[in-house]
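**Q** In order, the protein sequences belong to chains R and Z.
This note's numbering puts the first residue of the first sequence at 1, with every later residue one more than the last.
This note's numbering puts the first residue of the second sequence at 575, with every later residue one more than the last.
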Amino acid sequence: MLKLSMAFSSVLNRKYLILCYLLFNLIPPLALAASMAAVEGGNTELGINEYDITAKKRPVDKSVVILGEKAEDTSTTDHSKLKELQGPFSSGPEVTKACLSCHNKAGHQFIKNKHWTWKVHIDKTGQDLGKSVLVNNFCTNAAGNEGMCAQCHAGYGMTDARTYDFKNEDNIDCLVCHESTGTYYKLPPSPGNKACAVMFEGKPKIDLTKVAQSVTLPGRSNCGACHFYGGGGDNVKHGDLSSVLFEPPKSVDVHMGVDGENFSCVICHVGEGHEWSGSRYEPIAKDTIGQGKPGLARQTATCESCHGLQPHPGNLMGLKLNDHTDRVACQTCHIPEYATGGVATKTHWDWRTAGKLKNGEGYREEGYIQGNGEPRHTYKSIKGNFKYGENLKPMYVWFNGTERYLTVHDKFDPAKPVEINHLEGSPDDPNSRIWPFKRMETIQPYDKGNNTLVYMHLWGNDPDAFWGNYDFARAIKHGMDDFQLPYSGDFNFVKTYSYWPVTHMVAPKEKALACKECHSKDGRLKDLEGMYIPGRDTNPWVEKIGIFAVLATLLGVLVHGLIRILFSRRRKAS
Amino acid sequence: MSLQKVKVFSRFERFWHWTQALLIVTLLFSGAGIHGFHQLVDFETMVWFHVISALDLMVLWTFAIFWHLTTGNWRHYMPTSNGLFKVLRYYAWGIFLGEDHPYRKRFWHKHNPLQALSYLALKLVLFPLLWLTGLAYLLYGFWGQGALTSGSLEWIATLHTIGAYAMAVFIIIHVYLLTTGHSTIEHIKPMITGYDEVDLSEAEEEYLEQDEPGRIIKDK
């Protein structure tokens with residue numbers, strides 16, 4: 001790696017070199033490469049290139065995509081025999097055209113999907129959200145950085161969401177979700193700085209015909225290719241979605257375990273017409289329908305849609321547990337820890353330290369060895385400092401399914417930690433339940449004059465892109481101007497929180513929380529107010545008077561008894 | 575009137591007393607655990623024991639109430655002020671001087687006035703308080719959605735706790751009073767064998783000898 005890096009530094013300008021080493025390793029081959037390329041005992045590594053094993057195949061899983069049946073048993077079509085798929089294909093869109101020539105409604109369906117639009121309107125809050133507009137507290141904004149971020153757009157060539165033709169169905173990337181060879185991969189839509197060319201070099205050519213003929217229902221490797229790497233690396237963002245889930249043991253995920261049910265994602269995230277269930281923007285915090293009527297297949301990813309509203313057995317303990325389901329989410333007890341199975345999640349991110357150079361070069365440091373033995377970076381010049389965690393206890397919040405996002409337009413008070421997505425709910429709200437969350441804590445740039453979050457220009461082949469120039473002032477100015485957003489010209493850093501519902505990595509029932517985890521004075525819910533929890537709460541007056549009464553009685557009978565003994569002795573003596 | 579050894583606690587009454595004692599101790603121990611006083615046993619195990627003991631106790635009490643009413647034994651618990659002051663004075667003073675207990679058990683008043691009054695309070699106030707709050711606590715799932723976190727649950731739990739403390743106080747006094755009198759064993763014995771000394775009227779003595787000879791032990 002070092003050799004490669006040095007080789008490039010001899011021919012390329014330093015600032016380009018520093019630029020694009022790790023960036024968003026959103027594609028498994030890249031991410032795997034990144035993690036495989038562990039620096040021997042090394043803590044600091046100069047240079048930018050860690051994409052030297054880019055040709056690694058994606059894991060191919062044999063996960064269950066249809067309940068109770070094997071997909072090949074029920075499919076009515078062998079795609080490898082279709083004349084439309086005999087190729088040759090010279091580009092992705094050519095394959096898409098072939099797909100849509102038979103599946104002539106799929107295109108109309110998919111262009112309404114979030115994976116394509118990167119936009120979502122939430123009726124409850126009236127907010128317009130989605131990747132194309134939001135600011136998060138990881139790499140902050142995809143807006144303006146599509147050249148990199150749209151590597152995970154389910155389409156071809158989205159370099160700018162504002163000018164992209166969202167009506168052109170030929171640009172839908174059918175393969176990224178449906179291919180099953182493990183040889184398909186996506187690259188960032190634009191090359192970024194010159195030095196990033198190394199990221200695109202030496203890639204194996206994709207055999208589009210073979211890939212096109214392999215299409216099937218999406219397996220874990222299709223969804224996981226993006227979703228396990230959100231936030232710029234393995235399990236960085238969610239905490240409960242990591243590469244462990246490609247082939248998890250049952251102990252990590254009771255549903256997906258290869259030694260168990262072996263479910264793929266779509267067993268729970270059911271859907272039809274290229275629209276499927278399960279949303280982080282508006283989750284169903286409390287399912288009141290459950291399994292629904294006999295024969296009625298519900299299009300929802302809730303636990304209750306399979307397990308029902310009274311999921312525990314009809315014995316005494318089961319009844320007691322069922323009494324909890326209206327106020328406690330299934331996940332709260334059944335996911336005792338997240339980021340399990342050996343892959344850590346990022347918990348803290350400090351952008352303030354980004355931009356430090358060594359010998360004039362950007363660098364990265366490894367300071368965390370995760371459970372599976374692989375090192376994780378705790379500093380990167382392009383991003384700042386990080387902290388990681390594994391087997392983490394979630395935080396618990398009353399949540400009714402409504403999240404109010406802080407957009408780039410919203411003002412806040414920088415004296416307090418800023419909530420990127422405020423979770424609504426309370427014990428008095430019958431639609432709220434106690435939910436587990438991962439809280440991400442970040443210190444990130446904001447507009448000091450306007451008290452708003454900012455868009456940063458991170459990716460690009462220009463002097464303003466932060467990844468290459470390490471100048472916050474220019475990157476922010478460019479990012480804001482790009483979207484005609486008001487910018488005072490003065491930035492500072494603010495602490496932000498974002499909350500990620502913990503809902504995957506459901507543990508086997510033996511590992512579900514014991515009662516005392518919450519029913520105790522120092523339990524997991526010790527900070528949750530507004531309700532009475534036996535074992536945690538007491539009425540202070542009743543306790544004081546009650547204990548006093550018991551002790552006074554004990555003392556009373558003791559004194560009474562002593563006097564009896566003393567008097568009886570005296571009587572005997574006399 | 576003469577003192578005679580008479581069977582005052584029937585087999586059912588003794589079974590009721592000791593089963594109830596065992597269940598109440600179990601309830602106090604498990605309840606204290608659920609309440610957060612100790613963690614000697616798993617919370618779920620304590621909940622299980624607490625609920626099962628409570629249900630058992632309620633079944634037992636259904637029989638006991640029926641027994642009280644049908645056999646007329648409820649009459650032993652009729653409160654009376656007659657002799658109450660003497661008993662109070664005895665426990666506050668006379669007991670230290672070695673006086674004899676002022677009360678003699680009678681055939682239809684086997685409890686002294688203070689005993690009768692406290693048992694009556696136990697049966698009419700404390701037990702119902704604990705059962706009603708306990709049942710409401712146990713069955714909050716039937717109250718409707720959100721009962722788990724409603725303010726009523728806190729009230730019910732608080733009342734239940736008050737009852738539990740009162741129960742603990744009762745047991746301490748109850749057990750301590752066993753040590754008064756001639757000997758502790760002598761005090762426990764009647765609840766095991768059923769026989770105790772009772773001040774019988776001639777008519778009662780005659781009745782027992784004639785109609786229930788097994789209930790009276792005449793000195794040979």
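Quick reminder that beta carbons are idealized off the backbone N, C-alpha and C, glycines included.
In chain order, what residues of the segment 734-768 of chain Z put their CB closer than 7 Å to some CB of chain R?
**A** Going along the segment 734-768 of chain Z in chain order, one finds THR735, ILE736, TYR739, ALA742, VAL743, ILE746, ILE747, TYR750, THR753 with a Cβ nearer than 7 Å to chain R.
**Q** For HIS612(Z), which option in PHE603(Z), THR619(Z), GLU618(Z) has the closest C-alpha, if you only look at C-alpha atoms?
**A** Selected option, being the one with the closest Cα: PHE603(Z).
**Q** Quick one, which of GLU366(R), VAL65(R), GLY147(R), HIS519(R) has its alpha-carbon nearest ASP616(Z)'s?
**A** Nearest C-alpha to ASP616(Z): HIS519(R).
**Q** Please name the residues in the segment 498-520 of chain R whose beta-carbon is closer than 8 Å to at least one beta-carbon of chain Z, in chain order.
**A** Listed in sequence order: ALA514, CYS515, LYS516, HIS519, SER520.
**Q** Is HIS504(R) near ASP253(R), with beta carbons less than 8 Å apart?
**A** Yes, they are a contact pair.
**Q** Per DSSP, ASN492(R) is paired with what?
**A** In DSSP, ASN492(R) forms a bridge with TYR446(R).
**Q** Quick one: which chain Z residues come within Cβ less than 7 Å of ILE563(R)?
**A** Residues of chain Z passing the Cβ test: PHE670.
**Q** According to the neighbour-count rule (16 or more other Cβ atoms, all chains shown, within 10 Å of its Cβ), is ARG376(R) buried or exposed?
**A** It counts as buried.
**Q** Starting from the Cα of CYS306(R), find the closest Cα among ALA475(R), VAL270(R), ASP482(R), ALA339(R) and give me that residue.
**A** Selected option, being the one with the closest Cα: VAL270(R).
**Q** Buried or exposed, going by whether 16 or more other CB atoms sit within 10 Å of the CB of LYS544(R)?
**A** Burial call: exposed.
**Q** Of the residues that make up the segment 617-630 of chain Z, which ones have a beta carbon closer than 8 Å to any beta carbon in chain R?
**A** Answer set for the segment 617-630 of chain Z: PHE617, GLU618, VAL621, TRP622, VAL625, ILE626.
**Q** At what residues does the beta strand (DSSP E) containing ASN222(R) begin and finish?
**A** Element bounds for ASN222(R): not the beta strand (DSSP E) but the alpha helix (DSSP H), 220-227.
**Q** Flag PHE567(R) as yes if its beta-carbon sits less than 8 Å from any beta-carbon of chain Z, otherwise no.
**A** Yes, its Cβ sits closer than 8 Å to a Cβ of chain Z.
**Q** On the three-state DSSP scale, how would you describe TYR499(R)?
**A** Strand, per DSSP.
**Q** Have a look at GLU282(R) and LEU597(Z) and give me their C-alpha separation to the nearest angstrom.
**A** The alpha-carbon atoms of GLU282(R) and LEU597(Z) are separated by roughly 50 Å.
**Q** Compare the C-beta of VAL39(R) with all C-beta atoms of chain Z and state if any pair is closer than 8 Å.
**A** Summary for VAL39(R): the model assigns pLDDT 38, below 50, so the residue's position carries little reliability, and this model does not support an answer.
**Q** Please decide whether HIS609(Z) counts as near chain R, where near means a Cβ-Cβ distance under 8 Å.
**A** HIS609(Z) counts as touching chain R.
**Q** May I ask you to report which of helix, strand or coil DSSP gives LEU453(R)?
**A** Three-state result, LEU453(R): strand.
**Q** Rounded to the nearest angstrom, what separates LYS393(R) and LYS511(R) at their Cα positions?
**A** Each residue's alpha carbon lies about 13 Å from the other.
**Q** Measuring only the C-alpha atoms, how far is TYR610(R) from ALA212(R)?
**A** Residue 610(R) lies beyond the residue range present for chain R, which begins at 1 and ends at 574; the question has no answer from this structure.
**Q** Which value, in whole angstroms, describes the spacing of the CA atoms of VAL621(Z) and PHE166(R)?
**A** So the alpha carbons of these two residues sit roughly 59 Å apart.
**Q** Would you say MET440(R) faces chain Z, with C-beta separation under 8 Å as the test?
**A** MET440(R) does not count as touching chain Z.
**Q** For a contact meaning CB atoms closer than 8 Å, what does ARG536(R) contact in chain Z?
**A** Neighbours of ARG536(R) on chain Z, chain order: GLY610.
**Q** At the level of alpha carbons, what is the spacing between ALA710(Z) and VAL625(Z)?
**A** If you take the alpha carbons of ALA710(Z) and VAL625(Z), they lie about 12 Å apart.
**Q** Would ASP482(R) and ALA475(R) qualify as a contact pair, given that the criterion is a beta-carbon distance under 8 Å?
**A** Not a contact, by the Cβ cut-off of 8 Å.
**Q** The beta strand (DSSP E) that contains SER520(R), what's its start and end?
**A** Note, SER520(R): premise wrong, no beta strand (DSSP E); not H, not E.
**Q** Could you give the distance in angstroms between the alpha-carbon of LEU319(R) and the alpha-carbon of GLN310(R)?
**A** Taking the straight line from one Cα to the other gives about 8 Å.
**Q** Quick check on ARG433(R): buried or exposed, where buried means 16 or more other Cβ atoms within 10 Å of its Cβ?
**A** ARG433(R) should be labelled buried.
**Q** Suppose you measure from the CA of ILE48(R) to the CA of LEU187(R); what does that come to, to the nearest Å?
**A** Its pLDDT being 45, under 50, ILE48(R) is placed unreliably by the model, and nothing is read from it.
**Q** Check whether chain R comes within 8 Å of TYR714(Z), counting only Cβ atoms and requiring the distance to be less than that.
**A** Closer than 8 Å: yes.
**Q** Check ILE434(R) in the structure and name its three-state DSSP category.
**A** ILE434(R) falls in the strand class under three-state DSSP.
**Q** Tell me the rounded alpha-carbon separation between PHE716(Z) and LEU528(R).
**A** Cα-Cα distance, rounded: 24 Å.
**Q** Count the other CB atoms, across all protein chains shown, that sit within 10 Å of the CB of CYS102(R); report buried if there are 16 or more and exposed otherwise.
**A** Burial call: exposed.
**Q** Listed from N- to C-terminal order along the chain, which residues in the segment 293-320 of chain R have their beta-carbon within a distance smaller than 8 Å of any beta-carbon of chain Z?
**A** Residues LEU316, MET317, LEU319, LYS320.
**Q** Specify, as a first and last residue, the run of the beta strand (DSSP E) that GLU778(Z) falls within.
**A** Counting along the chain, GLU778(Z) falls outside any beta strand (DSSP E), though it belongs to the alpha helix (DSSP H) covering 776-785.
**Q** Tell me, please, whether the segment 458-472 of chain R touches the segment 138-155 of chain R by the rule of three or more beta-carbon pairs shorter than 8 Å.
**A** Yes, since at least three Cβ pairs between the segment 458-472 of chain R and the segment 138-155 of chain R fall closer than 8 Å, the two stretches touch.
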